[in-house]
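Peer 1: Handing you this structure, nothing more for now.
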Amino acid sequence: MPTIGYTSSTTVMLDLDDLCFGEVRYQAHRILKEFKLGGFLILESSQRHHHVVFDRSVSPLDVTGIVAQACLDTKNVALIRWFILQCRKKEFTLRISPKGDKPRPRIVCRYGEQNREIRRYRQYRRLVRSIKMPVVSEAGEVVNEA
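Note that our numbering has the sequence shown beginning at -6, numbered continuously upward.
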């Protein structure tokens, strides 16, 4: 199955790797308060790997500035690498589907408002999850419906 992500140029999102949940939650609260982002959702993409999605929509330039500030504050090398790749695309993407042996990211924390960008993110997650992808053999034949 292909890896599928949620992409936006106006949603503040972070991909924080090699941090414990407590540190991720602390950083999410700090950014939420500093930039008045309404609320956040934390997902665990794998052990010590988390995604954060904030609720208030901002301009693409503000998204870039907020994530850049998070990079400076956390000094998280994986976040900095992810940020550079997202800047090259001029949009930010977080994985929402399984990838290899990793399951799809699961929600581990909700805080504050959840009715704008987070609602759109969760609706897209549900849509992707509802799609039944056929399993195709190397010969191009449908083996079964996933």
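Glycine included, C-beta positions come from ideal geometry on N, C-alpha and C. All of these numbers come straight from a predicted model, not from anything done at the bench.
Are the beta-carbon atoms of L30 and D48 separated by less than 8 Å?
Peer 2: Here residue 30 is taken as the residue at index 37 of the sequence shown, counted from 1. Here residue 48 is taken as the residue at index 55 of the sequence shown, counted from 1. Yes, they are a contact pair.
Peer 1: Out of Q62, R97 and T4, which has the shortest C-alpha to C-alpha gap to I89?
Peer 2: Taking the first residue of the sequence shown as position 1, residue 89 is located at position 96. Measuring from the Cα of I89, the nearest candidate turns out to be R97.
Peer 1: Let me confirm a value: A61 is counted as buried when at least 16 other C-beta atoms fall within 10 Å, else exposed. Which label applies?
Peer 2: Residue 61 sits at position 68 when you count from the first residue of the sequence shown. Counting Cβ neighbours within 10 Å, A61 comes out exposed, since fewer than 16 surround it.
Peer 1: Does DSSP put E37 in a helix, in a strand, or in coil?
Peer 2: Numbered from its first residue, the sequence shown carries residue 37 at position 44. E37 falls in the strand class under three-state DSSP.
Peer 1: Mind reading off the beta-carbon distance from S1 to K83? Whole number of angstroms is fine, and I expect it under 8 Å.
Peer 2: The sequence position of residue 1 within the sequence shown is 8, counting from 1. The sequence position of residue 83 within the sequence shown is 90, counting from 1. Their Cβ separation, rounded to whole angstroms, is 11 Å, which puts S1 and K83 out of contact at 8 Å.
Peer 1: Indicate the three-state DSSP secondary structure (helix, strand or coil) for R109 in the structure shown.
Peer 2: In the sequence shown, residue 109 corresponds to position 116, counting from 1. Note: R109 maps to coil in three-state DSSP.
Peer 1: Going by other Cβ atoms of all chains shown within 10 Å of its Cβ, with 16 needed for buried, is E134 buried or exposed?
Peer 2: If you number the sequence shown from 1, residue 134 lands on position 141. Answer is exposed; the Cβ neighbour count stays below 16.
Peer 1: If we require 4 or more residues per run, which alpha helix (DSSP H) segments fall completely within the region 49 to 109?
Peer 2: Within the region 49 to 109, the complete alpha helix (DSSP H) runs of at least 4 residues are 53 to 67 and 70 to 82.
Peer 1: Would the beta-carbon of S50 fall within 8 Å of that of E106?
Peer 2: If you number the sequence shown from 1, residue 50 lands on position 57. If you number the sequence shown from 1, residue 106 lands on position 113. No, the pair does not count as a contact, with Cβ atoms beyond the cut-off.
Peer 1: Give the straight-line distance between the Cα atoms of R18 and Q116, rounded to the nearest whole angstrom.
Peer 2: Along the sequence shown, read from residue 1 onward, the residue named residue 18 stands at position 25. Along the sequence shown, read from residue 1 onward, the residue named residue 116 stands at position 123. Rounded to the nearest angstrom, the two C-alpha atoms are 23 Å apart.
Peer 1: Checking 8 Å against the spacing of the C-beta atoms, do L72 and L7 come in under that value?
Peer 2: Residue 72 sits at position 79 when you count from the first residue of the sequence shown. Residue 7 sits at position 14 when you count from the first residue of the sequence shown. A contact, by the Cβ cut-off of 8 Å.
Peer 1: Suppose the cutoff is 7 Å on Cβ atoms and the five residues either side in sequence are ignored; what does the same chain contact list for C13 look like?
Peer 2: Position 20 of the sequence shown, counted from the start, is the residue given in the question as residue 13. The answer, listed in chain order, is R41.
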